[in-house]
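Below is one structure, written out as structure tokens; the observations come after it.
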Amino acid sequence: MINVTLPDGSTRQLEGPQSGADFAAGIAKSLAKKALGLKINGELKDLSTLIESDCAVEIITAESEEALDLIRHDAAHVMAEAVQELFPGTQVTIGPVIENGFFYDFARDEPFHEADLEKIEARMKKIVDRNAPITREVRDRGDAISYFEKIGETYKAEIIGDLPADEPISIYRQGDWLDLCRGPHLPSTGKLGKAFKLTKLAGAYWRGDSKNAMLQRIYGTAWTNEKDLKAYLHMLEEAEKRDHRRLGREMDLFHMQEEAQGMVFWHDKGWTVWRMLEDYIRTRIRAAGYGEVRTPILIDRKLWEQSGHWEKFREHMFTSETEHDIFALKPMNCPAHVQIFKQGIKSYRDLPLRMAEFGCCHRNEPSGALHGLMRVRSMIQDDAHIFCEEHQITSETVNFIELLQSVYADLGFRDVKVMFADRPDTRAGSDDVWDRAEAALKTAVEAAGLEYELSPGEGAFYGPKLEFHLRDAIGRDWQCGTLQVDFGTPGRLGATYVGEDGARHTPVMLHRAILGSLERFLGILIEHYAGKFPLWLAPVQVVVATITSDADGYAKKVAETLSANGLRVETDLRNEKINYKIREHSVAKVPNMLVLGKREAEEGAVCLRRLGVKEQQFLDLEKAADLLRDEARPPSGQRDLRE
RNA sequence: GCCGGCUUAGCUCAGCUGGUAGAGCACCUGAUUUGUAAUCAGGGGGUCAGAGGUUCGAGUCCUCUAGCCGGCACCA
Numbered sequence: 188m189i190n191v192t193l194p195d196g197s198t199r200q201l202e203g204p205q206s207g208a209d210f211a212a213g214i215a216k217s218l219a220k221k222a223l224g225l226k227i228n229g230e231l232k233d234l235s236t237l238i239e240s241d242c243a244v245e246i247i248t249a250e251s252e253e254a255l256d257l258i259r260h261d262a263a264h265v266m267a268e269a270v271q272e273l274f275p276g277t278q279v280t281i282g283p284v285i286e287n288g289f290f291y292d293f294a295r296d297e298p299f300h301e302a303d304l305e306k307i308e309a310r311m312k313k314i315v316d317r318n319a320p321i322t323r324e325v326r327d328r329g330d331a332i333s334y335f336e337k338i339g340e341t342y343k344a345e346i347i348g349d350l351p352a353d354e355p356i357s358i359y360r361q362g363d364w365l366d367l368c369r370g371p372h373l374p375s376t377g378k379l380g381k382a383f384k385l386t387k388l389a390g391a392y393w394r395g396d397s398k399n400a401m402l403q404r405i406y407g408t409a410w411t412n413e414k415d416l417k418a419y420l421h422m423l424e425e426a427e428k429r430d431h432r433r434l435g436r437e438m439d440l441f442h443m444q445e446e447a448q449g450m451v452f453w454h455d456k457g458w459t460v461w462r463m464l465e466d467y468i469r470t471r472i473r474a475a476g477y478g479e480v481r482t483p484i485l486i487d488r489k490l491w492e493q494s495g496h497w498e499k500f501r502e503h504m505f506t507s508e509t510e511h512d513i514f515a516l517k518p519m520n521c522p523a524h525v526q527i528f529k530q531g532i533k534s535y536r537d538l539p540l541r542m543a544e545f546g547c548c549h550r551n552e553p554s555g556a557l558h559g560l561m562r563v564r565s566m567i568q569d570d571a572h573i574f575c576e577e578h579q580i581t582s583e584t585v586n587f588i589e590l591l592q593s594v595y596a597d598l599g600f601r602d603v604k605v606m607f608a609d610r611p612d613t614r615a616g617s618d619d620v621w622d623r624a625e626a627a628l629k630t631a632v633e634a635a636g637l638e639y640e641l642s643p644g645e646g647a648f649y650g651p652k653l654e655f656h657l658r659d660a661i662g663r664d665w666q667c668g669t670l671q672v673d674f675g676t677p678g679r680l681g682a683t684y685v686g687e688d689g690a691r692h693t694p695v696m697l698h699r700a701i702l703g704s705l706e707r708f709l710g711i712l713i714e715h716y717a718g719k720f721p722l723w724l725a726p727v728q729v730v731v732a733t734i735t736s737d738a739d740g741y742a743k744k745v746a747e748t749l750s751a752n753g754l755r756v757e758t759d760l761r762n763e764k765i766n767y768k769i770r771e772h773s774v775a776k777v778p779n780m781l782v783l784g785k786r787e788a789e790e791g792a793v794c795l796r797r798l799g800v801k802e803q804q805f806l807d808l809e810k811a812a813d814l815l816r817d818e819a820r821p822p823s824g825q826r827d828l829r830e
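According to the numbering used here, the first sequence is numbered sequentially starting from 188.
Here is the structure:
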């Protein structure tokens, strides 16, 4: 007797071992039809898997969350089969499920073209129609390797060779086609359905290593039904409309051009947003006990040799020279901050010493990495370095995380991904120091009650780091905030302080930024708000628009009053219909419009129209000025995090 | 940097298989004085990314270069 527990808590008894498919049929015929896979004790399995002993079983159908994984995994396989049917000689490599879809990497001498995607898609639909059963076989490792080598699938053979010795070599067969795969899979190709679409072509290095051959990757998306697919594609279209590169042009915020690749020409409107943001951060960090400094942009290479940057990042530094020496544009501010720290004698009483700078840094990023405001070659960070004693790391980190979360909340970000990046392969400092740095950072993160993901080997060369990631409109994650523990740089640059014991000690240095690159953060912010900035950041806060030229004089007076209240105002006195003006300023995403006609002029009032709201408020001019002035105050960090 | 694609007016895009460049919006001018998301009419605007080649003839075909876009690699 085998006792099986179902998700609703009920149990069923089986006479003997039974496949998942038979088990589903035993419950209901309709369920057997809908079944795509099953979960045994929480583990996703093929529907054909035998239930052999007491366990908890859940039948997976299109309604289950896990169905998408199965479907996407099969979509990758069906795509690979289609590709090999259409393009004989193409080798398959790997084809995993990713967020919203899947990809498969192929090795083929000829490139695929955009037009091939349609053909592949059509062939995939044929394969679905064939509805071939998908079956699993376990092979002997040696046999599998020689088999794949014989049919010319050298990449597959290499993958098998590298699998752990105890890993069973499972092969999935669908019709005449088979692939090495861990599974699980759908019971047949027909169950995949047709709610999929191939989305893009890309190059990708074999095993993610730029020293290896470049493969051709085809990306696709797959869903359980047509409606979800359409919704997803529609979401992508909508996201494209809030792309910061597009809004930057449409809203006259900034532009970039060939002659200054990877650098930004900020226009008046964009720079206004920048200044507001920078001033806001300045206010917040001053309140958090930071001082602000300003250091040179061009510094002798000798300093970079001392700091270790010259050796490690020479290729990515812009250089210049005088008649004697080579200089480099600073890629970061920290060595310069250590120079300030070193002026005079510091005591343990001076620590923690928090030094901030909105310093302009240059990094010669590879051309292929450049991406609008998100990845630039010239950038300004809300950078700061905290010099402290080792025992202060925890409290300083906790305070920083608190400040960061409060700032993100003020700016409207709730979903922040936190990564803990530990020691990389090439690093400075002994393992003992790394042990201490990682332990200290970990203690601090846990003290702050932060949930994080581990990012192994991704730390900075001088220390472990926390990364705070925000997501752009198209779903890409970008690192914005960061905190890095550095036991090495201060010592390398000769920074010391006098401790309580009267002896000289080397301080620990915390590198930290909340917004990170302001360029990148503004890019994220533009997309986050789809250009509709909160009032305090909006480049133009109010447009005063007249209905007829009779109100022109009054409109000027209204604009002056608002300006005197610190608001950013424009007037629109053009000889145009009010509908035209409203449309134009709405498209420009101006948050407030004051519409003035005869009535307003006679009564000393204004008609306030909010962006996107049809209803208007009729107010006294003074009242409107007070109201808008109050609304336009920057946030103060007092906002409730639960909002 | 690597793979693929793209580059036509300020913007969005047409322009078949090579025969001398077009629309909408924007801009300018004129008329219109208008009450909450596009008033009407007229006008100007292009070395078709750049360089070279094939051809009687190239926006269209070929080569190279640059930038951009999508990935990959990189990201102190």
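C-beta atoms are modelled at their ideal positions from N, C-alpha and C, and glycine is treated no differently.
{"Item": "Do you know how far the Cα of G449 is from the Cα of F289?", "Value": "31 Å"}
{"Item": "Run through the region 229-280 for me and flag every whole alpha helix (DSSP H) of 4 or more residues, listed as ranges in chain order.", "Value": "254-273"}
{"Item": "Between G791 and A738, how many whole angstroms is the CB-CB distance? I'm expecting something under 8 Å.", "Value": "Wrong, their Cβ atoms sit about 12 Å apart, outside the cutoff."}
{"Item": "With DSSP as the reference, identify every bridge partner of T322, one or two as the case may be.", "Value": "R360"}
{"Item": "Could you tell me which residues DSSP puts in a beta bridge with H558?", "Value": "R562"}
{"Item": "So if DSSP puts E508 in a beta bridge, which residue, or which two residues, is it bridged to?", "Value": "I513"}
{"Item": "How should H692 be labelled, buried or exposed, when 16 other C-beta atoms within 10 angstroms of its C-beta is the threshold for buried?", "Value": "buried"}
{"Item": "Below 7 Å CB to CB, which residues in the same chain sit around K839 once its five sequence neighbours on both sides are set aside?", "Value": "As shown, the chain starts at 188 and ends at 830. That puts residue 839 outside it, with no answer to give."}
{"Item": "What is the DSSP secondary structure of Y477, counted as helix, strand or coil?", "Value": "coil"}
{"Item": "Would a C-beta distance cut-off of 8 Å place L657 and I573 closer than the cut-off?", "Value": "no"}
{"Item": "Do you know offhand how far R829's Cα is from L702's?", "Value": "Because the pLDDT at R829 is just 43, under 50, the model does not fix this residue reliably, and the value given afterwards should be weighed accordingly. Each residue's Cα considered, the two are about 21 Å apart."}
{"Item": "For Q671, which residues of its own chain have a beta-carbon under 6 Å away from its beta-carbon, when the five flanking residues on both sides are left out?", "Value": "A647, G650, K652 and H698"}
{"Item": "Verify whether the separation of the beta carbon atoms of V284 and L379 is less than 8 Å.", "Value": "no"}
{"Item": "Let me know the secondary structure DSSP gives P204 once reduced to three states.", "Value": "coil"}
{"Item": "Smallest Cα separation from I527: which of R541, F514 and W723?", "Value": "R541"}
{"Item": "With respect to the alpha helix (DSSP H) encompassing C831, which residues constitute its N-terminal and C-terminal limits?", "Value": "The structure shown does not extend to residue 831, since the chain is modelled only from 188 through 830, so no value can be given for it."}
{"Item": "Is the beta carbon of L815 less than 8 Å from the beta carbon of L760?", "Value": "no"}
{"Item": "With which residues is C794 paired in a DSSP beta bridge?", "Value": "V782 and F805"}
{"Item": "Given 8 Å as the limit, is there contact between the region 513-521 and the region 544-551, that is, 3 or more CB pairs closer than that?", "Value": "yes"}
{"Item": "Given 8 Å as the limit, is there contact between the region 555-571 and the region 707-721, that is, 3 or more CB pairs closer than that?", "Value": "yes"}
{"Item": "Based on the DSSP secondary-structure assignment, which residues constitute the bridge partners of G386?", "Value": "Per the sequence presented here, residue 386 reads as Thr, with Gly not at that position. For T386, which the question treats as bridged, DSSP gives no partner whatsoever."}
{"Item": "Would you kindly work out how many angstroms separate the C-alpha atoms of E465 and W723, rounded to a whole number?", "Value": "12 Å"}
{"Item": "So, at 6 Å on beta carbons, what are the nonlocal neighbours of T192 in its own chain, with the 5 sequence-adjacent residues on each side left out?", "Value": "T198 and A243"}
{"Item": "For S581 and M463, I'd like the C-alpha separation in whole angstroms.", "Value": "A quick correction: the sequence has Thr, not Ser, at residue 581. Each residue's alpha carbon lies about 31 Å from the other."}
{"Item": "From this set, K337, A523, A474 and V774, which residue's C-alpha is nearest Q493's C-alpha?", "Value": "A523"}
{"Item": "What does a CB cutoff of less than 7 Å around A267 pick up in its chain, not counting 5 residues either side in sequence?", "Value": "V279, G282, Y291 and D366"}
{"Item": "Throw me the rounded Cβ distance for the H454 and L440 pair, which I believe falls under 8 Å.", "Value": "6 Å"}
{"Item": "Quick check on DSSP: helix, strand or coil for F648?", "Value": "coil"}
{"Item": "Would you call the region 416-430 and the region 294-313 touching, i.e. three or more CB-CB distances under 8 Å?", "Value": "no"}
{"Item": "From D827 to I358, what distance separates their C-alpha atoms?", "Value": "The pLDDT assigned to D827 is 49, lower than 50, so where the model puts this residue is not dependable; a value taken from the coordinates is nonetheless given after this. Those two C-alpha atoms are separated by around 54 Å."}
{"Item": "DSSP on T341, reduced to helix/strand/coil?", "Value": "helix"}
{"Item": "Between L385 and D296, what straight-line distance do the alpha-carbon atoms span, to the nearest angstrom?", "Value": "21 Å"}
{"Item": "Quickly, what does DSSP pair S217 with across the bridge? List them, please.", "Value": "Partner(s): none; S217 has no beta bridge."}
{"Item": "Under a three-way DSSP split, which group does L828 fall into?", "Value": "Confidence at L828 is low in this model, with a pLDDT of 45, below 50, so its placement is unreliable and the value that follows should be read with caution. Note: L828 maps to coil in three-state DSSP."}
{"Item": "When the Cβ atoms of the region 339-347 are set against those of the region 315-324, are three or more pairs found closer than 8 Å?", "Value": "no"}
{"Item": "What is the rounded straight-line gap between the Cα of T669 and the Cα of E577?", "Value": "19 Å"}
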